[in-house]
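J.: One structure coming up, written as structure tokens, with questions to follow.
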Amino acid sequence: MNYVQLCWYALGYLYRLYRQRNFINSYLLPRVNDVCSKFNYQPSKKEAFKIKFYYPLFNHVVNCENYLTIKNRKLSSIETKRLGFVSVWATLYDDFIDEEKWTEDKLVAIFEKKLPNNERTPKMNVFMAMDDAFQAIFQPTELYKQSLKLAIDWQLVSAKQLDNTISLAEVLQISTEKCGNSSLLWASIMDEDWSDAELTFIYQSGFVGQLVNDAFDAFKDIHDGGFTYIRKFKSISAAKALFIEECRKLNQAIYGCNGPKKFQLKTIRRMACIHAFGLVALEHLEKIDTKYPSPIVWENVNRADLITDMDFWDNRFKLIGHAIFLANLI
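Count along the sequence shown starting at 1, add 1, and that's the number in the numbering used here.
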């Protein structure tokens with residue numbers, strides 16, 4: 002990939018973000034607002050941002066449309082509606098697990114809609130209504146059922162990341178399984194007969210995406226008491242080396258898919274534009290290796306050293322070079 006091609010992919014993302022924003026405003030948002038009003042659920046500012054904007058927008062454009070690039074097609078109208086509903090209820094369900102910390106039995110009862118009416122909170126009722134809307138336009142497949150179960154199981158296991166004794170190997174396994182199976186869940190909602198090779202690249206893309214998120218969320222994770230690969234590697238340089246290697250594996254997995262090479266290259270380049278953000282963040286964090294004594298007391302690291310600010314032009318310029326670098330990894 003060269004600079005001209007990079008500009009073309011960047012413009013493509015802007016167009017897709019604009020188109021998906023229109024879908025959210027015209028179709029999804031009125032339905033979410035109606036359901037919230039019906040059940041008297043008033044999401045906090047943070048919750049409203051997640052369910053009404055962030056996840057329906059970026060999951061659609063950054064993840065799902067990239068999976069279909071290997072097929073040289075875009076999401077259909079019905080697929081877009083399904084993914085919109087799931088983006089809402091999946092976010093709410095994550096909150097039940099991570100923030101509200103319901104028991105496993107209650108989580109099952111919520112998902113299967115077997116919880117007695119008098120025990121249902123407004124938020125639970127909104128979750129169930131969004132799932133009903135999804136189920137009305139989707140016939141669950143075996144891939145969907147399997148991926149859903151594994152994604153939820155590993156989301157529950159991820160609570161171990163609040164334990165400071167967790168090992169690096171455990172952190173990486175949780176990130177791989179949780180996010181890999183979540184990516185397979187999104188893929189299962191599309192009307193596609195995915196090959197094993199395609200499922201492999203989609204699974205790997207979920208892991209790489211989590212590595213990007215953890216690099217950008219370093220400050221939040223540390224002050225929430227969480228342990229990601231950022232804290233568990235002996236150095237950020239080693240963490241960066243892992244990231245680059247996993248991006249290489251992703252590219253190799255995409256090249257392993259059947260189909261014209263031009264579709265493979267297009268998929269790799271689109272994903273590189275996103276994963277380059279992770280490399281920018283890791284290079285920013287890498288300064289911690291030499292700025293602070295080892296072993297690092299992460300709670301004492303300055304906020305500015307943990308947060309990667311993309312408003313700075315030097316980070317934006319780095320993003321361009323890193324996108325080209327990752328797109329050309331073999």
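A virtual CB, placed ideally from N, CA and C, is assigned to each residue, including glycine.
Would you grab the beta carbon distance between Ile138 and Trp155 for me? Rounded to a whole angstrom, and I think it's under 8 Å.
T.: Wrong, their Cβ atoms sit about 27 Å apart, outside the cutoff.
J.: To the nearest angstrom, report how far apart Ile245 and Asn252 are at their CA atoms.
T.: 11 Å
J.: Note down the Cα distance separating Gln21 from Ala110, rounded to an integer number of angstroms.
T.: In a straight line, the C-alpha of Gln21 is about 33 Å away from that of Ala110.
J.: If you follow the alpha helix (DSSP H) that Ala273 is part of, which residue opens it and which one closes it?
T.: Lys262 to Leu286
J.: Which word fits Pro261, buried or exposed, when buried means at least 16 other C-beta atoms lie within 10 angstroms of its C-beta?
T.: exposed
J.: Grouping DSSP H, G and I as helix and E and B as strand, with all else coil, what is Ser196?
T.: The answer is coil: DSSP assigns Ser196 none of H, G, I, E or B.
J.: To the nearest angstrom, how far is the alpha carbon of Cys180 from that of Ile98?
T.: Rounded to whole angstroms, the gap between the alpha carbons of Cys180 and Ile98 is 15 Å.
J.: Taking C-alpha atoms, which residue in Cys258, Tyr14 and Thr92 lies nearest to Lys354?
T.: This structure cannot speak to residue 354, because the chain is shown only from 2 to 331.
J.: Could you please give the first and the last residue of the uninterrupted alpha helix (DSSP H) stretch that includes Ala160?
T.: Per DSSP, Ala160 belongs to no alpha helix (DSSP H) and is neither H nor E.
J.: Can you grab the Cα-Cα spacing for the pair Ile231 / Lys250, in whole Å?
T.: 20 Å
J.: Alpha carbons only, please: which of Leu149, Leu144, Tyr145 and Val209 is nearest the one belonging to Leu173?
T.: Looking at Leu149, Leu144, Tyr145 and Val209, the one whose alpha-carbon comes closest to that of Leu173 is Val209.
J.: Answer yes if the stretch 51-69 comes into contact with the stretch 81-98, meaning at least three C-beta pairs across the two stretches below 8 Å, and no otherwise.
T.: yes
J.: I need the DSSP call for Ser168, collapsed to helix, strand or coil.
T.: If DSSP states are grouped into helix, strand and coil, Ser168 belongs with coil.
J.: Just tell me which of Cys8, Ala134, Asp194 and Val36 has its CA closest to the CA of Tyr68.
T.: Asp194
J.: Less than 8 Å separating the beta-carbons of Ser206 and Ser184?
T.: yes
J.: Let me know if Val298 comes out buried or exposed under the rule of 16 or more other beta-carbons within 10 Å of its beta-carbon.
T.: exposed
J.: Using alpha carbons as the reference points, say which of Ile275, Gln140 and Leu186 lies closest to Ser88.
T.: Leu186
J.: Exposed or buried, Ala242, counting other C-beta atoms within 10 Å across all chains shown (16 or more means buried)?
T.: exposed
J.: Assuming Phe220 contacts Ile308 (C-beta within less than 8 Å), just tell me the rounded distance between them.
T.: 5 Å
J.: Taking Phe341 as the reference, give the member of Glu143, Leu144, Leu157 and Gly279 with the closest Cα.
T.: Here the chain comprises residues numbered 2 to 331, so residue 341 is not present and cannot be evaluated.
J.: Grab the span of the alpha helix (DSSP H) containing Arg121 for me, first residue to last.
T.: Careful: Arg121 lies outside any alpha helix (DSSP H) and carries neither H nor E.
J.: Express the C-alpha separation of Asp96 and Lys102 in angstroms, rounding to a whole number.
T.: 8 Å
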